[in-house]
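Scroll down for the structure; my scribbles are underneath it.
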Amino acid sequence: MSDMLRLDRFMAECGVGSRKQAVSIIKAGRVSVDGNIVKEPGLKISDGSTVLLDGTALKHEKFSYYMLNKPMGCVSAVKDNLSDTVLEYLKGVHARGLFPVGRLDKDTEGFLLITNDGELCHALISPGRHVEKTYYVISDKRLPRNARFLFKKGIDIGDESLCLPAHLKAIGPVKEGMSYELTLTEGRFHQVKRMFYALGCKVLYLKRVSIGGVMLDPGLDTGAFRALTTEELDILKNGTSEVKP
Ligand code: URA
Numbered sequence: 001m002s003d004m005l006r007l008d009r010f011m012a013e014c015g016v017g018s019r020k021q022a023v024s025i026i027k028a029g030r031v032s033v034d035g036n037i038v039k040e041p042g043l044k045i046s047d048g049s050t051v052l053l054d055g056t057a058l059k060h061e062k063f064s065y066y067m068l069n070k071p072m073g074c075v076s077a078v079k080d081n082l083s084d085t086v087l088e089y090l091k092g093v094h095a096r097g098l099f100p101v102g103r104l105d106k107d108t109e110g111f112l113l114i115t116n117d118g119e120l121c122h123a124l125i126s127p128g129r130h131v132e133k134t135y136y137v138i139s140d141k142r143l144p145r146n147a148r149f150l151f152k153k154g155i156d157i158g159d160e161s162l163c164l165p166a167h168l169k170a171i172g173p174v175k176e177g178m179s180y181e182l183t184l185t186e187g188r189f190h191q192v193k194r195m196f197y198a199l200g201c202k203v204l205y206l207k208r209v210s211i212g213g214v215m216l217d218p219g220l221d222t223g224a225f226r227a228l229t230t231e232e233l234d235i236l237k238n239g240t241s242e243v244k245p
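My numbering applies: residue 1 is where the sequence shown begins, and numbers increase by one.
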């Protein structure tokens, strides 16, 4: 915690509840700061303060990290005048300054990391880092026979440079067409859709299933979220990998 924080906000950011809930908990005399019961929600808390709720210490993490299983129909933005944003799905979360790491299209589902840690965001999306992102794709038909080779070589989607090598795995036929898993190490605009389009196919359904070696939790319903585990955060912070050409 860098600045002095009001006690009610500090508690909300520790996950106790909303600011309003924190205020009533404080007024009920359940909170002590450095050994003294405090009933003033506006009291300023500093880095070294010990805050106990019903005798248990509250831990204030500097940053928050959430895995959202993004549903279709919402935009990967903090604010939007027309559509729901992904932040609207983080019900009951009171951390400040949250934003989505990178973008998924409005009609794309799956793993979206939401945090207020700008440094991690930069590490995950900066082009030089080549963090792997894997997508489950349903296309209207089967890709050409040599598609795996073409993805590995680098697809031309009409940009100045070819796409970086990508790894394609055919999963099997589904009722709408054919399903694949595609792993990329960059994030160009509509990249998966444009790569399939370059090979004559249309993406009908797209879902991101992993980022940097961390899988989307299969137990998370569409639209649900949870905090990242310490292990997941460690993988994102310390383990990046590249698709071998
Ligand atoms: N590629 C796309 O085409 N869309 C996404 O949302 C993500 C990757």
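For every residue, glycine included, the Cβ atom is placed at its ideal position computed from N, Cα and C. Computed from a prediction, not measured in an experiment: that's the story for all the values here.
Asked	Found
Candidates 107, 96, 62 and 60: closest to residue 83 by CA position	107
Rounded Cβ spacing between residue 133 and residue 187 (contact assumed at less than 8 Å)	7 Å
Rounded C-alpha distance that separates residue 94 from residue 220	20 Å
Those residues which DSSP pairs with residue 181 across a bridge	136 and 169
For residue 53 and residue 143, the rounded distance between their alpha carbons	58 Å
Any non-hydrogen atom of the ligand URA closer than 8 Å to residue 193 Cβ	yes
Best match in 46, 22 and 138 for proximity to residue 207 [C-alpha to C-alpha]	138
Opening and closing residue of the beta strand (DSSP E) in which residue 64 lies	Run containing residue 64: none; DSSP gives neither H nor E here.
Residue environment, residue 238, which counts as buried when at least 16 other CB atoms sit within 10 Å	exposed
Residue 238 - DSSP class collapsed to helix/strand/coil	helix
Segments of 3+ residues assigned as beta strand (DSSP E) that fall wholly inside the segment 29-64	31-33 and 51-53
Close-in-space but distant-in-sequence residues of the same chain around residue 119 (CB under 6 Å, 5 per side omitted)	none
Assigned exposure category for residue 76 - 16 Cβ within 10 Å defines buried	buried
7 Å CB neighbourhood of residue 9 in its chain, flanking five on each side removed	19
Beta-carbon proximity of residue 87 to residue 114, cut-off 9 Å	yes
Assigned exposure category for residue 185 - 16 Cβ within 10 Å defines buried	buried
Contact under 9 Å by Cβ, residue 11 with residue 28	no
Exposed unless 16 or more other CB atoms sit within 10 angstroms - verdict on residue 131	buried
Inter-residue spacing [alpha-carbon to alpha-carbon] between residue 25 and residue 155	58 Å
Any non-hydrogen atom of the ligand URA closer than 8 Å to residue 135 Cβ	yes
Nearest neighbour of residue 215, chosen from 136, 6, 7 and 179 [CA to CA]	136
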